[in-house]
Structure formats: structure tokens, C-alpha cells
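Asker: Residue numbers (our numbering), protein chains in the order written: chain A, 1 to 114; chain H, 1 to 180.
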């Protein structure tokens with residue numbers, strides 16, 4: 001193997017920043033998805049509560065159906081968003097692992113060089 | 001007037017997209033080259049040593065086996081004892097007997113099989129292997145430096161391209177001045 005080229009040790013910081021950014025992006029996606037999941041759980045609970053009620057206490061069967069449909073309509077975009085966030089989170093997590101592996105390898109390299 | 005501005009924005013957008021795409025294509029083409037070189041390197045590492053080295057390995061194994069088997073085989077003097085003293089040796093392992101007395105034939109048979117392998121897959125000397133690895137390592141490093149150069153250009157232009165986790169630290173940490 002040839003002698004190492006001119007090494008710029010400050011580049012390690014750039015790699016560390018990249019790794020931290022990717023981990024932060026993965027965390028953010030996961031946290032946002034968790035928040036939306038909690039919201040979906042609350043909506044599901046509300047749907048179950050309405051289903052358990054007698055139709056007449058809600059003003060008739062039509063009203064009961066309308067309320068459930070409203071809640072389902074509120075939930076649908078949340079489910080789509082969760083799916084997107086999960087995919088984004090998984091991709092960011094993969095990039096973070098790759099950035100982390102590269103950072104570790106470069107860190108070891110500089111350690112051996114020192 | 002507005003149409004002109006719209007058109008120039010559209011042109012700019014098109015050129016920007018094209019630049020990003022060219023940078024990504026450039027990196028992908030270099031990565032392909034790196035994969036090819038890495039495969040060639042692995043192939044050189046797997047090439048057999050010279051035939052003589054393989055034969056020496058066979059001899060080494062046989063010598064080791066024979067030594068151990070000899071120590072477990074009754075010494076020839078046992079069979080020359082008088083009728084009163086002679087006892088049939090007990091607990092003699094057939095494999096030890098074969099190894100102790102047929103070792104040269106075993107070695108020859110093994111070497112003949114090894115020679116058959118060398119007919120289709122010639123070996124290289126340690127020096128030749130080291131030289132070929134040195135050349136390919138140099139080519140690999142040059143390719144990785146070119147890849148890093150494109151990645152930094154792309155980053156500066158606002159088109160981040162992710163680095164490979166197994167990229168060579170000498171390229172990733174290289175000073176700007178040594179990049180092509």
C-alpha cells in the first residue's frame with residue numbers, strides 16, 4: 001500500500017456532523033410518527049366509544065354513522081403520513097448507520113496514523 | 001416579460017437537474033469501477049501459490065501425521081523378540097500403521113491431485129502477488145479519490161451524495177489539494 005496522501009483531519013468533523021444529522025433525521029421521523037400514532041389511537045378509542053353508544057343517544061343511526069365516518073376521515077391522512085414517516089425514518093436510519101460506520105472507520109484510521 | 005422570466009427559470013431548473021443527475025451518474029460510474037477493481041483484488045488474493053509451495057504443504061502435513069503415527073506404532077524390534085518374550089502388540093490403530101508406512105505413497109497421491117488443479121489454475125509467486133496487489137491498490141485509491149472529488153463538488157453545489165460506509169479513509173479524509 002502506498003504512503004497515505006495528505007490528510008485533512010478536520011474532515012472527520014464533517015463526517016461526524018453528517019452522522020449526527022442523519023441520526024437526528026431518523027429520530028425526528030420516528031418521534032413524529034409516534035405522535036401521529038397516539039393521535040390515531042385516540043381516534044380509534046373515540047370510534048369504539050361511539051360504536052358502543054345507543055344510536056338514539058346520538059340523535060339517531062344516521063348521526064352515529066356520520067360521526068364515525070368523520071372520525072375515519074380524520075384518521076385516514078394520519079395513517080398515510082405515518083406510513084411515509086416510517087419509510088423516511090427507515091431510510092434515514094440506514095443512512096445514519098452507514099455514516100456511522102464510515103465515521104468509525106475514519107476515526108480508527110486517524111488513531112492508527114497518530 | 002413574465003413568459004421570458006418563466007422560460008429562463010425553467011431552463012435554469014432543467015440545467016440544475018441535469019447537473020445533479022450528471023454528478024450522480026459520475027459517482028455511480030466510478031463506484032462500478034471500484035467494485036470491479038475490488039473483485040479483481042479478491043481474485044488475486046485467492047490465486048494459488050506456486051505448485052512447489054502447495055507440495056511443501058502436503059509434505060508438511062504428511063510429516064506431521066507420520067511423526068505422530070510412528071510414536072503410536074510398535075517399533076520393528078518388537079517383532080524380533082524370541083518366542084517366550086514376544087506378545088502380539090495390542091491397541092494398534094490401522095490408520096497409524098498406514099500413515100507410518102505408506103506416507104510417501106500418500107504424499108505422491110495427494111501431490112498428483114494438486115497438480116491436476118494447477119493445470120487449469122496456475123499459481124503465482126509471493127512477489128508477483130504483492131506487485132499485482134500494489135498496482136491494483138493504487139488504481140483503487142485513485143478511483144476512490146476521484147469519487148470523493150465528485151462527492152465534494154456535488155456537496156458544494158447543493159446535491160449531497162452519500163458516501164459508501166466502506167469508502168477508503170485515505171480518500172474521504174484527503175486534503176482538497178490532493179483530489180483530482
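Even for Gly, the Cβ is constructed at its ideal location relative to N, Cα and C. Model, not experiment: these values are computed from the prediction.
1. In whole angstroms, give me the CA-to-CA distance for residue 109/H and residue 131/H.
2. Starting from the C-beta of residue 16/A, find all residues in its chain whose C-beta is less than 7 angstroms away, skip the five residues before and the five after it, and write them out in chain order.
3. Apart from the five residues on each side of it in sequence, which residues of its chain come closer than 6 angstroms, Cβ to Cβ, to residue 81/A?
4. Between which two residues does the alpha helix (DSSP H) containing residue 34/A stretch?
5. Indicate whether the contact test is met: 3 or more Cβ pairs, each with one atom in the segment 56 to 64 of chain H and one in the segment 30 to 45 of chain H, closer than 8 angstroms.
6. Which residues does DSSP pair with residue 174/H in a beta bridge?
7. List, in chain order, every chain A residue whose beta-carbon is nearer than 7 angstroms to that of residue 163/H.
8. Check whether chain A comes within 8 angstroms of residue 146/H, counting only Cβ atoms and requiring the distance to be less than that.
9. Use the C-beta contact count for residue 167/H: other C-beta atoms within 10 angstroms, 16 or more gives buried, fewer gives exposed.
10. Give the C-beta separation of residue 29/A and residue 85/A to the nearest angstrom, bearing in mind that I take them to be a contact with Cβ-Cβ under 8 angstroms.
11. Hey, could you find the ends of the alpha helix (DSSP H) residue 109/A is sitting in?
12. Just the C-alpha distance for residue 137/H and residue 30/H, rounded to the nearest angstrom, thanks.
13. Whose Cβ in chain H lies nearer than 7 angstroms to the Cβ of residue 105/A?
14. Would you be able to state if there are at least three C-beta pairs under 8 angstroms between the segment 16 to 34 of chain H and the segment 149 to 163 of chain H?
15. Does the CB of residue 58/H have a neighbour CB from chain A at under 8 angstroms?
16. Applying the 10 Å Cβ sphere with the 16-neighbour rule, what's the burial state of residue 7/H?
17. Taking DSSP as the reference, what is the three-state secondary structure of residue 62/H?
18. Express the C-alpha separation of residue 135/H and residue 1/A in angstroms, rounding to a whole number.
19. So with Cβ pairs under 8 angstroms, would you call residue 20/A a contact of chain H?
20. How would you call residue 145/H, buried or exposed, if buried means at least 16 neighbouring beta carbons within 10 angstroms?
21. Considering only C-alpha positions, which residue in the set 72/H, 179/H and 32/H is nearest to residue 91/H?
22. Can you grab the Cα-Cα spacing for the pair residue 45/A / residue 56/A, in whole Å?
23. Helix or strand or just coil, what does DSSP make of residue 158/H?
24. Rounded to the nearest angstrom, what separates residue 171/H and residue 13/H at their Cα positions?
25. Counting only runs of 3+ residues fully inside the segment 62 to 94 of chain H, write out the beta strand (DSSP E) ranges in chain order.
26. Thinking C-alpha only, which one of 83/A, 94/A, 99/A and 41/A is nearest residue 71/A?
27. Does the ligand ADP have even one heavy atom less than 7 angstroms from the beta-carbon of residue 65/A?
28. Is there at least one Cβ from chain A nearer than 8 angstroms to residue 41/H's Cβ?
Answerer: Taking the structure as given:
1. Working through the second chain from its first residue, we reach residue 109/H at position 109. Working through the second chain from its first residue, we reach residue 131/H at position 131. Distance between the alpha carbons of residue 109/H and residue 131/H is about 33 angstroms.
2. Against the first chain, residue 16/A aligns to sequence position 16. Excluding positions up to five away in sequence, the list reads 103.
3. Position 81 of the first chain, counted from the start, is the residue given in the question as residue 81/A. Excluding positions up to five away in sequence, the list reads 36.
4. One-based indexing of the first chain puts residue 34/A at position 34. Looking at the DSSP string, the run of the alpha helix (DSSP H) that includes residue 34/A is 11 to 52.
5. In short, these stretches do not touch, since the Cβ pair count stays below three.
6. Residue mapping note: residue 174/H aligns to position 174 of the second chain, counting from 1. BP columns for residue 174/H point to 7/A.
7. Looking up residue 163/H in the second chain gives position 163. In chain order: 102.
8. Along the second chain, read from residue 1 onward, the residue named residue 146/H stands at position 146. The beta carbon of residue 146/H sits no closer than 8 angstroms to any beta carbon of chain A.
9. Walking along the second chain from the start, residue 167/H turns up at place 167. By the 10 Å Cβ count, residue 167/H comes out buried.
10. Here residue 29/A corresponds to residue number 29 of the first chain, with the count starting at 1. Here residue 85/A corresponds to residue number 85 of the first chain, with the count starting at 1. About 5 angstroms separates the two Cβ atoms, so the contact holds.
11. Here residue 109/A refers to the residue found at position 109 when the first chain is read from its first residue. For residue 109/A, the enclosing alpha helix (DSSP H) begins and ends at 61 to 113.
12. Position 137 of the second chain, counted from the start, is the residue given in the question as residue 137/H. Position 30 of the second chain, counted from the start, is the residue given in the question as residue 30/H. Using only the alpha carbons, I get a separation of about 15 angstroms.
13. Position 105 of the first chain, counted from the first residue, corresponds to residue 105/A. Chain H residues near residue 105/A: 169.
14. The answer is yes - the segment 16 to 34 of chain H touches the segment 149 to 163 of chain H, with three or more Cβ pairs under 8 angstroms.
15. Along the second chain, read from residue 1 onward, the residue named residue 58/H stands at position 58. No, no contact with chain A.
16. By 1-based counting over the second chain, the position of residue 7/H is 7. Counting C-beta atoms within 10 angstroms of its own C-beta, residue 7/H has fewer than 16 neighbours from the protein chains shown and is therefore classed as exposed.
17. Along the second chain, one-based indexing puts residue 62/H at 62. Under the three-state reduction of DSSP, residue 62/H is assigned to helix.
18. In the first chain, the residue the question calls residue 1/A occupies position 1. In the second chain, the residue the question calls residue 135/H occupies position 135. Caution is warranted here: a pLDDT of 42 is assigned to residue 1/A, below 50, making its placement in the model unreliable, and no coordinate value can be reported.
19. Locating residue 20/A in the first chain gives position 20, counting from the first residue. Not one chain H Cβ lies under 8 angstroms of residue 20/A.
20. By one-based count along the second chain, residue 145/H stands at place 145. It counts as buried.
21. Residue mapping note: residue 91/H aligns to position 91 of the second chain, counting from 1. Checked all of 72/H, 179/H and 32/H; the closest Cα to residue 91/H is 72/H.
22. On the first chain, residue 45/A is found 45 positions in, with the first residue counted as 1. On the first chain, residue 56/A is found 56 positions in, with the first residue counted as 1. Going from the Cα of residue 45/A to the Cα of residue 56/A covers about 20 angstroms.
23. Numbered from 1 along the second chain, position 158 holds the residue referred to as residue 158/H. In this structure, residue 158/H counts as coil in the three-state DSSP scheme.
24. On the second chain, position 171 is the one that residue 171/H refers to. On the second chain, position 13 is the one that residue 13/H refers to. If you draw a straight line from the Cα of residue 171/H to the Cα of residue 13/H, it is about 32 angstroms long.
25. If only uninterrupted beta strand (DSSP E) runs of at least 3 residues are considered, none is enclosed by the segment 62 to 94 of chain H.
26. Position 71 of the first chain, counted from the first residue, corresponds to residue 71/A. The residue among 83/A, 94/A, 99/A and 41/A with its C-alpha nearest the C-alpha of residue 71/A is 41/A.
27. With respect to small molecules bound, the structure shown includes none, and the ligand ADP cannot be examined in it.
28. Numbered from its first residue, the second chain carries residue 41/H at position 41. Not a single C-beta of chain A is nearer than 8 angstroms to the C-beta of residue 41/H.
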